[in-house]
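A.B. asks: Chains as they are written, first to last, in my numbering: chain A, 877 to 1034; chain B, 202 to 431.
C-beta atoms are modelled at their ideal positions from N, C-alpha and C, and glycine is treated no differently.
Dropping the structure in here first, questions after.
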């Protein structure tokens, strides 16, 4: 018998395709799980609209639910994902892997980014500077830590 | 060019009138798709590595926004996003002439367009957020939060190049095109945002000579292997 808990547990084992240290559940892209007999509905909110990993995520969830013996229905919801949805556990895992988790509220100006403390994920120093608003994927910026002299990837606040 | 092969399965809007509401969404989608394509032309050749990454990432996000708008329009038109993006004839696209022009490898013109377009785009997105409900509004809000990063990047560069003659000339040249991105009622907001007087706009509808070569390249795979998925 498939239960919502079993589905959540199974989805929590799927790594993010681009930042595999955290799972899709840690990332907060799974909005809700609904079990009706052997049918499982998952509400899914992708991170950035241009994220190339969206199809991979959807396919992996579909496949994982099918393995539980249920009929999956993964629906992409129109309501937006926000970086606030990354779980505390997810934030810790990101930091441990050298990705600075998102900070504060979504910025509207460059000044807000430049004046807000962005701690280095390696040494914790807030003496860091923005190198590039854009990074290897739409969700990341590049910063540099003046204290430990390491560049690092900063998850954008969205 | 040679005869265009056609996917007979793919629903197309060609030949049938497009309702006004879907037309407005197609304008947003076409602008983002075509400008996304133009911005991607900087991949590998930007003046320095940070900008190579920035323009590639901005292009990716814009094409993502185009896809989301196309999906919304496709629901109304009974087709799919790829058919709208790739199966129309060049003169059926409703993008603004501003986004069509090939500007690689002219950095000052590219930044002038980037700054004018992002400023205009944020105005029409705000208007949407304040005037519609449902899926369109939800999508506009999401896009607006992502576009904030484009605007910061554009503003930073406009500030940096502000006194460069090449940049100032490019802004003068592109100003009538920038006004044409917006509907008439929205234009005063753009004038206010960039502190310029309104002039006669170069309107959406006519296309520049740069669109066709872009279209031929962009739709080449789709036209040569109709119905292929990848």
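Should residue 422/B be labelled buried (16 or more other beta-carbon atoms within 10 Å of its own) or exposed?
C.D. replies: With fewer than 16 other Cβ atoms within 10 Å, it is exposed.
A.B. asks: Could you tell me the alpha carbon to alpha carbon distance between residue 256/B and residue 945/A, rounded to whole angstroms?
C.D. replies: Near 44 Å, if we compare the C-alpha coordinates of residue 945/A and residue 256/B.
A.B. asks: For chain B, find out if any of its Cβ atoms is closer than 8 Å to the Cβ of residue 975/A; answer yes or no.
C.D. replies: No, residue 975/A lies away from the interface with chain B (no Cβ there is under 8 Å from its Cβ).
A.B. asks: Identify, in the order they occur along the chain, each residue of the same chain with its Cβ nearer than 8 Å to the Cβ of residue 301/B, setting aside the five sequence neighbours on each side.
C.D. replies: Contacts found: 235, 239, 408, 409, 411, 412, 415.
A.B. asks: Between residue 943/A and chain B, is the shortest Cβ-Cβ distance under 8 Å, so that the two count as touching?
C.D. replies: Cβ-Cβ to chain B under 8 Å: no for residue 943/A.
A.B. asks: For the stretch 346-363 of chain B against the stretch 965-973 of chain A, do three or more pairs of beta-carbon atoms, one drawn from each stretch, fall closer than 8 Å, so that the two count as touching?
C.D. replies: No, the stretch 346-363 of chain B is not in contact with the stretch 965-973 of chain A.
A.B. asks: Is the CB of residue 1022/A under 8 Å away from at least one CB in chain B?
C.D. replies: Closer than 8 Å: no.
A.B. asks: Starting from residue 261/B, find everything on chain A with Cβ-Cβ shorter than 8 Å and list it in chain order.
C.D. replies: Here the neighbours are 926, 928, 1014.
A.B. asks: Taking only three categories from DSSP, how would you classify residue 1030/A?
C.D. replies: Note: residue 1030/A maps to strand in three-state DSSP.
A.B. asks: In the DSSP assignment, what residue or residues form a beta bridge with residue 899/A?
C.D. replies: Paired residue(s): 891/A.
A.B. asks: Can a CB atom of chain A be found closer than 8 Å to the CB of residue 346/B?
C.D. replies: True, the Cβ-Cβ gap to chain A drops below 8 Å.
A.B. asks: Pull up the distance between the alpha-carbon of residue 228/B and that of residue 878/A, whole angstroms please.
C.D. replies: Taking the straight line from one Cα to the other gives about 45 Å.
A.B. asks: So, is the C-beta of residue 350/B closer than 8 Å to a C-beta in chain A?
C.D. replies: Residue 350/B counts as touching chain A.
A.B. asks: Starting from residue 351/B and walking both ways along the alpha helix (DSSP H), at which residues does that stretch end?
C.D. replies: Unbroken alpha helix (DSSP H) run through residue 351/B: 335-362.
A.B. asks: Return the residues of the stretch 310-343 of chain B that lie within a Cβ-Cβ distance of less than 8 Å from chain A, sorted by chain order.
C.D. replies: For the stretch 310-343 of chain B, which is checked against every Cβ of chain A, the residues closer than 8 Å are 336, 339, 340, 342, 343.
A.B. asks: Candidates 290/B, 298/B, 376/B, 348/B: which alpha carbon is nearest residue 259/B's?
C.D. replies: The candidate whose alpha carbon is nearest that of residue 259/B is 348/B.
A.B. asks: Go through its chain and collect everything with a Cβ distance to residue 936/A's Cβ below 6 Å, but skip five positions before and after it.
C.D. replies: 890, listed in sequence order.
A.B. asks: Who are the near neighbours of residue 894/A in its chain, counting only those whose CB is closer than 6 Å to its CB and skipping five residues on each side?
C.D. replies: Correct list, in chain order: 929, 1013.
A.B. asks: Under 8 Å, Cβ to Cβ, is there at least one residue of chain A near residue 408/B?
C.D. replies: No, because no Cβ of chain A sits closer than 8 Å to the Cβ of residue 408/B.
A.B. asks: Does the stretch 363-371 of chain B come into contact with the stretch 383-396 of chain B, if we say contact requires no fewer than three beta-carbon pairs (one atom in each stretch) closer than 8 Å?
C.D. replies: They do not touch, by the three-pair rule.
A.B. asks: Is the beta carbon of residue 226/B less than 8 Å from the beta carbon of residue 298/B?
C.D. replies: Cβ distance not < 8 Å, so residue 226/B and residue 298/B don't count as in contact.
A.B. asks: Taking C-alpha atoms, which residue in 1003/A, 963/A, 987/A lies nearest to residue 902/A?
C.D. replies: Considering only alpha carbons, the answer is 963/A.
A.B. asks: Just to check my reading of the structure: residue 345/B and residue 330/B have Cβ atoms closer than 8 Å, yes? What is that Cβ distance to the nearest angstrom?
C.D. replies: Confirmed, about 7 Å.
A.B. asks: Since residue 983/A meets chain B, which of its residues come closer than 8 Å, beta carbon to beta carbon?
C.D. replies: Here the neighbours are 349, 353.
A.B. asks: Strictly below 8 Å CB to CB, what residues from chain B border residue 919/A?
C.D. replies: Under the 8 Å cutoff, chain B gives no residues; its nearest Cβ is about 13 Å from residue 919/A.
A.B. asks: In chain order, what residues of the stretch 354-383 of chain B put their CB closer than 8 Å to some CB of chain A?
C.D. replies: Within the stretch 354-383 of chain B, the residues whose Cβ lies closer than 8 Å to some Cβ of chain A are 354, 356, 357, listed in chain order.
A.B. asks: Of all the options 428/B, 425/B, 406/B, which has the alpha carbon lying nearest to the alpha carbon of residue 292/B?
C.D. replies: For the residues 428/B, 425/B, 406/B, the minimum Cα distance to residue 292/B belongs to 406/B.
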